[in-house]
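Residue numbers (our numbering): 6 to 585.
Following: one structure in structure tokens, then a few remarks.
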């Protein structure tokens, strides 16, 4: 007996229109539309997996780079194939007390910087760690932690969640997995072990439907399937003699990227510089023409090292590999030491330092497998695609840093600043919903340090197209007025057109003693009035400078408007951070 097909829930004219539309779509458009429809359905009770189980497994993720969200979606898909009902949620939307009504929880979270939880989940983190967190005696949980072992506080956010859930009475399903930047395989192995411990949905009565669709549609392009674009313009915006110049890049966008809005970013897949690749090949006495395999793709060793492998940071995995290859007593002894000592050693030794100090001749394939993956770098989109849909603009500052007795250059910024018109660039979209313009006409206070001006340029372009514009106040800081007033003409035009109601600038070298916070403290009453009117406040740029600014503004506003005024901004989702 075959099951009778369920008739479509449309009237005849509606069904005719649906079929006509579908007939005009190609495969990519169908895929995007299916994701869009899934994303627009945010009520868990409407999903098949939730209907099949009154209390599905809750998969919560905390992320800034989207890796944890993708892993959460992958886990949900595997659960659906195994008959396990799930609900996927951003931890930024979850309150700790809601966990008391749950039976099973899986947390997949990153650690940002040197030990901070991802910025969007700060409220959840504080709530779970605080005294008001609920007891969770009936909760079974598991934690997958992502991090970067080059930082001292590796995977600490996941570790803290794991320990806190146990302290609140939860029962651990399987041991926590801490993953380095090469997280794909360890995460797959951990998911396979976890599936054996999760409850299957009750499938008696009605048939079990597929797992809950992800809460947002998967993009057409990602870091494994990037879009290749061509450089149109690479222009130095700052003084020619500036040690860390800032460039404006324009990239040809021949293919549309759906739903990339002002405030979003793109991930750039940068290439290692050729001289660094050559130095690694020489140190290992390997030919760049030797064939290797990366993710089932056969390619020459030189290509693998240029495009897919981190040739700067060694990592603890490579340390163990190189100790075995070189048989150096110092490295063999170090591999037996505690991880804290290993990380301290690696903070003082980049990859080439290891290769030169402890020489060896590794097999090409083994070398590629031991190296960390080359990570993409995120850059804010500096134009509105609704205004200019066939170009993508970026603002890039050269990154230099001292290391031992030498100065090193950032791989991604060096790559981008060296590009010439006609060169290809591989990239993918990175949505940043927490840093977009609000849906209403609330006033906007935009605070930018250096290249933090980039997303605001896109904001201003988008606002210029609106018939009714919210009041907008820009505060911008850089080095010198004559050489470093980034996008000065754009800002002046926005002021002349009425898009910007107020502009305040600080130029550190021209105004000794002044800081980014100075014009805001000088106008604390104006700032308070704007916030009383419901203003959204945006912070973008250098994390150190803007963290100091935030601390100063919190003190000033709490004094003016009462304790908790700054915290209230966060609770009302009117404080938006994009720090790096």
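Just so it is clear, CB atoms sit at the ideal spot from N, CA and C, and this is done for glycine as well.
Since this is a predicted model, take the numbers as computed values, not measurements.
Three-state class that DSSP yields for residue i in the structure shown
i: residue 120; result: coil
i: residue 342; result: coil
i: residue 193; result: helix
i: residue 508; result: strand
i: residue 67; result: strand
i: residue 366; result: coil
i: residue 443; result: coil
i: residue 263; result: coil
i: residue 202; result: coil
i: residue 321; result: helix
i: residue 303; result: strand
i: residue 449; result: strand
i: residue 314; result: strand
i: residue 177; result: strand
i: residue 577; result: coil
i: residue 337; result: helix
i: residue 72; result: helix
i: residue 350; result: helix
Paired residues, beta bridge with residue i - DSSP
i: residue 91; result: 62
i: residue 586; result: Nothing in the structure corresponds to residue 586, since the chain is present only between 6 and 585.
i: residue 78; result: Looking at the DSSP assignment, residue 78 forms no beta bridge with any residue, so it has no partner.
i: residue 233; result: 431
i: residue 238; result: 255
i: residue 582; result: 544
i: residue 169; result: None, per the DSSP bridge assignment.
i: residue 227; result: 230
i: residue 454; result: 482
Which listed residue (the options) has its alpha carbon closest to that of residue i
i: residue 227; options: 582, 500 and 380; result: 380
i: residue 453; options: 545, 465 and 469; result: 545
i: residue 399; options: 300, 172, 492 and 197; result: 492
i: residue 537; options: 565, 552, 551 and 554; result: 565
i: residue 505; options: 274, 97 and 474; result: 474
i: residue 366; options: 302, 326 and 347; result: 326
i: residue 202; options: 189, 190, 179 and 192; result: 179
i: residue 283; options: 308, 264, 266 and 265; result: 308
i: residue 542; options: 285, 385, 405 and 578; result: 578
i: residue 490; options: 149, 509 and 526; result: 509
i: residue 140; options: 470, 108, 147 and 175; result: 175
i: residue 267; options: 557, 444 and 386; result: 386
i: residue 254; options: 375, 459 and 184; result: 459
i: residue 154; options: 115, 328 and 434; result: 115
i: residue 79; options: 147, 70, 93 and 244; result: 93
i: residue 392; options: 421, 409 and 471; result: 471
i: residue 1; options: 270, 554 and 481; result: In the structure displayed, the chain extends from 6 to 585; residue 1 sits before or after that span and is not available.
i: residue 429; options: 181, 420, 248 and 159; result: 420
Cβ shell of residue i (< 8 Å), same chain only, five flanking positions each side left out
i: residue 535; result: 448, 450, 476 and 478
i: residue 378; result: 186, 187, 313, 314 and 315
i: residue 370; result: 297 and 298
i: residue 311; result: 276, 277, 279 and 282
i: residue 340; result: 324, 325, 328 and 347
i: residue 422; result: 239, 250, 252, 401 and 403
i: residue 355; result: 317, 318, 319, 408 and 413
6 Å Cβ shell around residue i - same chain, five flanking residues per side excluded
i: residue 126; result: 67, 96 and 97
i: residue 465; result: 499 and 504
i: residue 257; result: 234, 235 and 237
i: residue 580; result: 542 and 574
i: residue 431; result: 231, 233 and 274
i: residue 570; result: 562 and 563
i: residue 113; result: 66, 73, 76, 77 and 149
i: residue 395; result: 258
i: residue 568; result: none
i: residue 63; result: 92, 107 and 110
i: residue 101; result: 132, 133 and 138
i: residue 129; result: 96 and 99
Contacting residues, own chain, Cβ-Cβ under 7 Å from residue i (five flanking each side not counted)
i: residue 582; result: 124 and 544
i: residue 157; result: 119 and 348
i: residue 586; result: The requested residue 586 does not occur in the structure, where the chain is confined to residues 6 to 585.
i: residue 331; result: 363, 364 and 365
i: residue 50; result: The pLDDT assigned to residue 50 is 35, lower than 50, so where the model puts this residue is not dependable, and the model offers no usable value.
CB contact check: residue i to chain B, cutoff 9 Å
i: residue 476; result: This model lacks chain B altogether; it includes just one protein chain.
- Can you give, in chain order, each stretch of the alpha helix (DSSP H) that sits fully within the segment 379 to 431 and has at least 4 residues? Counting only runs of at least 4 residues, the segment 379 to 431 fully encloses the following alpha helix (DSSP H) elements, listed from N- to C-terminal order: 416 to 422.
- Only counting runs of 3 or more residues, tell me where the beta strand (DSSP E) segments fall wholly within the segment 457 to 496, in order along the chain. The DSSP assignment places 477 to 483 as complete runs of the beta strand (DSSP E) inside the segment 457 to 496, in order along the chain (cut-off: 3 residues).
- Message: Quick check for students: name the residue ranges of the beta strand (DSSP E) that lie wholly in the segment 100 to 165, counting only runs of 3 or more.
- Response: Counting only unbroken stretches of 3 or more residues, the beta strand (DSSP E) elements lying wholly within the segment 100 to 165 are 109 to 115 and 145 to 151, in sequence order.
- Could you give the uninterrupted runs of the alpha helix (DSSP H) lying entirely in the segment 270 to 299, keeping only those of 4 residues or more? List check, alpha helix (DSSP H) in window: 279 to 289.
- Message: Report the start-end ranges of each beta strand (DSSP E) in the segment 510 to 571 that is 3 residues or longer and not cut off at the edges.
- Response: Scanning the segment 510 to 571 for uninterrupted beta strand (DSSP E) segments of 3 residues or longer gives 541 to 546, listed from N- to C-terminal end.
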